[in-house]
Amino acid sequence: MNTVIIDYKAGNVQSLLFAIERLGFSAKITSNPDEISNADKVIFPGVGEASFAMNSLRENQLDLLIPELKQPLLGICLGMQLLCKDSEESNTKALGIFDVSVTKFPDSVLVPQIGWNQIYDLKSDLFKGIPEQTYTYLVHSYYVAKNENTIATTDYSEAYSTALQKDNFFGVQFHPEKSGILGSKILENFLKL
Numbered sequence: 001m002n003t004v005i006i007d008y009k010a011g012n013v014q015s016l017l018f019a020i021e022r023l024g025f026s027a028k029i030t031s032n033p034d035e036i037s038n039a040d041k042v043i044f045p046g047v048g049e050a051s052f053a054m055n056s057l058r059e060n061q062l063d064l065l066i067p068e069l070k071q072p073l074l075g076i077c078l079g080m081q082l083l084c085k086d087s088e089e090s091n092t093k094a095l096g097i098f099d100v101s102v103t104k105f106p107d108s109v110l111v112p113q114i115g116w117n118q119i120y121d122l123k124s125d126l127f128k129g130i131p132e133q134t135y136t137y138l139v140h141s142y143y144v145a146k147n148e149n150t151i152a153t154t155d156y157s158e159a160y161s162t163a164l165q166k167d168n169f170f171g172v173q174f175h176p177e178k179s180g181i182l183g184s185k186i187l188e189n190f191l192k193l
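Structure (structure tokens):
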């Protein structure tokens, strides 16, 4: 199986690669559009600021390529948010795969949300073998409201989407590579889709 991790200067790709290798799989870190197009699985990580990340995607025309992919793609953290139509962070137009906006948490809660939080209402093979109320590791200031593509929910100021799915596109707000054994199981489930 040919798995690629998209490198666009906005992700902790090395820790993700190590997590995949610990599961017995291999992956290649690349920004090459041909290698991404020809992969069996694509992982779209992200850490950082939305407008910077979108500008990095545009440098290699990955903003045009990603929405056209037909193989399973997993967006992680900022990678999931960039799969949405736009973000309040720097008024950023994103990729538009999920027809929902990314908004900032209200001032009534500590921002960013950092640490462990539970996921529930799990609705996808991505969570096969994962119990309800599993703890995952999150670091984010912006979130996606619950919508028709929500496949997992977390509570922080309100119930919000901690995972999304539409066709071959999956997104998780949490970091599976930092979420222990159950996070590893979620990565393994994606790689076996």
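1 is the number of the first residue of the sequence shown in UniProt numbering; add one for each residue after it.
Every residue, glycine too, gets a C-beta built ideally from N, C-alpha and C.
With a cut-off of 8 Å on Cβ pairs, the region 114 to 124 is not in contact with the region 81 to 98, counting fewer than three such pairs. Between the C-alpha atoms of Ala159 and Tyr120 there is a straight-line separation of about 10 Å. In this structure, DSSP gives Lys166 an extended state, which the three-state scheme calls strand. For Ser37, the enclosing alpha helix (DSSP H) has its first and last residue at Pro33 to Ser37. Taking the C-beta atoms as reference points, Phe174 is found nearer than 9 Å to Thr154.
DSSP places Ser51 inside the alpha helix (DSSP H), whose first and last residues are Ala50 to Glu59.
Two segments are said to touch when three or more pairs of C-beta atoms, one from each, lie closer than 8 Å; by this definition the region 58 to 66 does not touch the region 105 to 118. Measuring C-alpha to C-alpha distances from Ser108 to each of Ala10, Asn38, Ser157 and Leu82 identifies Ser157 as the nearest. Annotated three-state conformation of Ile29 is strand, per DSSP. Thr3 sits away from Ala53, with the two beta carbons spaced by 9 Å or more.
Under DSSP, Asn117 takes part in a beta bridge, and its partners are Thr136.
If you check the CB distance, Tyr143 and Lys104 come in under 9 Å. Distance from the CA of Ile43 to the CA of Ile5, rounded to the nearest whole angstrom, comes to 5 Å. One thing to note: Cys77 has its Cβ within 9 Å of the Cβ of Pro45.
The criterion of a C-beta distance shorter than 9 Å is not satisfied by Ala145 and Val172.
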